[in-house]
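Worksheet for the structure shown next.
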Amino acid sequence: GAVVSQHPSRVICKSGTSVKIECRSLDFQATTMFWYRQFPKQSLMLMATSNEGSKATYEQGVEKDKFLINHASLTLSTLTVTSAHPEDSSFYICSASGPAFANTEAFFGQGTRLTVV
Amino acid sequence: GDSVTQMEGPVTLSEEAFLTINCTYTATGYPSLFWYVQYPGEGLQLLLKATKADDKGSNKGFEATYRKETTSFHLEKGSVQVSDSAVYFCALRDTGGFKTIFGAGTRLFVKA
């Protein structure tokens, strides 16, 4: 199957700083990438959808100025949590899809656990 | 909009017991259906999938059949192991292929 790599797997940052999370498709062209957030013992909530070369589409209630998404290439998307605060602490997961899979399947990264102190 | 409903957990079983986790969906069109598994502290792994009505997905002893008439995709395993303890998510991907919608997840504990 296709591989999606997410980095870092864990990060601790101070309140007020920004953190960048990378999501890479290692063996396929990811024309579409998705970013999810998962609170403890809860399901995944879609934050935004990004298409390569276009601005991301954010779900209702997600602050686009706080969660900056860039999808500048067919293999890399980044999520930057700006001016992070303790309430941003969460598990963030990306997934990627592309024409090789007829856009019917998405592959998930390992997730990034962000702790803001 | 599209949605997925799955049975609440946690589900606690003894080793070698039969497992069923119910999942129903609402969607326009003909979505693809998935089961994902998440082990503690890890990301999601695709367990199985079905892309059209009456398809049966299977993997590692788990099975689920895409039932359009009942809009269901129940997960089953004949004999669970301790190593199956995890959270299981039912999900659908719409016909446009742009979003995956997840159920709330069902936590499974298997006791030795």
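Residue numbers (my numbering), protein chains in the order written: chain Y, 1278 to 1394; chain V, 19 to 130. Even for Gly, the Cβ is constructed at its ideal location relative to N, Cα and C. All figures in this text were calculated on a predicted structure; none of them were measured in a lab.
For a contact meaning CB atoms closer than 8 Å, what does residue i contact in chain Y?
i: V/F107; result: S1320, L1321
In the DSSP assignment, find the unbroken beta strand (DSSP E) run with residue i in it and report its ends.
i: Y/K1291; result: Neither: Y/K1291 is in no beta strand (DSSP E) and is coded neither H nor E.
i: Y/L1351; result: Here Y/L1351 belongs to no beta strand (DSSP E), and DSSP marks it neither H nor E.
i: V/N40; result: Looking at the DSSP string, V/N40 is not in any beta strand (DSSP E), and its letter there is neither H nor E.
i: Y/S1367; result: 1367-1374
i: Y/H1284; result: 1281-1284
i: V/Q99; result: Where V/Q99 is concerned, there is no enclosing beta strand (DSSP E), given that its DSSP letter is neither H nor E.
i: V/F107; result: 104-111
i: V/F120; result: 118-120
i: V/Q24; result: 21-24
i: V/S90; result: Element bounds for V/S90: n/a, residue is neither H nor E.
i: V/S32; result: 29-32
i: V/V128; result: 124-129
i: Y/V1394; result: Taken as a continuous stretch (DSSP letters only), Y/V1394 belongs to no beta strand (DSSP E), as it is neither H nor E.
Check the Cβ of residue i against every Cβ in chain V and list those closer than 8 Å, keeping chain order.
i: Y/A1383; result: R111, T118
Hey, would you say residue i sits closer than 8 Å to residue j, going by beta carbons?
i: Y/C1371; j: Y/F1311; result: yes
i: V/L66; j: V/S50; result: no
i: V/D20; j: V/T44; result: yes
i: Y/S1295; j: Y/V1281; result: no
i: V/S90; j: V/T42; result: yes
i: V/A82; j: Y/S1320; result: no
i: Y/Q1315; j: Y/F1378; result: no
i: Y/G1386; j: Y/Q1283; result: yes
i: Y/V1394; j: Y/S1292; result: yes
i: Y/S1354; j: Y/S1327; result: yes
i: V/L31; j: V/V98; result: yes
Could you name the residues of chain Y that residue i contacts, counting a contact when the two beta carbons are closer than 9 Å?
i: V/E26; result: None at all; the shortest Cβ gap to chain Y is about 12 Å.
i: V/G121; result: S1320
Just the chain Y side, please: which residues come within less than 7 Å of residue i by C-beta, in chain order?
i: V/L62; result: I1370, F1385
Strictly below 9 Å CB to CB, what residues from chain V border residue i?
i: Y/G1388; result: Q56, G59, E60, G61, L62
Is it the case that the CB of residue i approaches a heavy atom of the ligand SAH more closely than 7 Å?
i: Y/H1284; result: Ligands are entirely absent from the displayed structure, and the ligand SAH is therefore not among its contents.
Should residue i be flagged as near chain B, meaning a C-beta pair shorter than 8 Å?
i: Y/G1293; result: The structure shown contains no chain B; its protein chains are Y and V.
In chain order, what are the residue ranges of uninterrupted beta strand (DSSP E) at least 3 long that sit wholly in the stretch 1287-1342 of chain Y? 1287-1290, 1296-1302, 1309-1315, 1321-1328
Which runs of the beta strand (DSSP E) fall wholly inside the stretch 44-79 of chain V and span at least 3 residues, in chain order? 50-56, 62-68, 74-77
Residues of the stretch 1347-1363 of chain Y with Cβ closer than 9 Å to any Cβ of chain V, in chain order: none
Which residues, in chain order, does the stretch 64-97 of chain V contribute to contact with chain Y at a C-beta distance below 8 Å? L64, K67, T69
Cβ-based contacts, 8 Å cut-off: residues of the stretch 1323-1343 of chain Y near chain V: L1323, T1326
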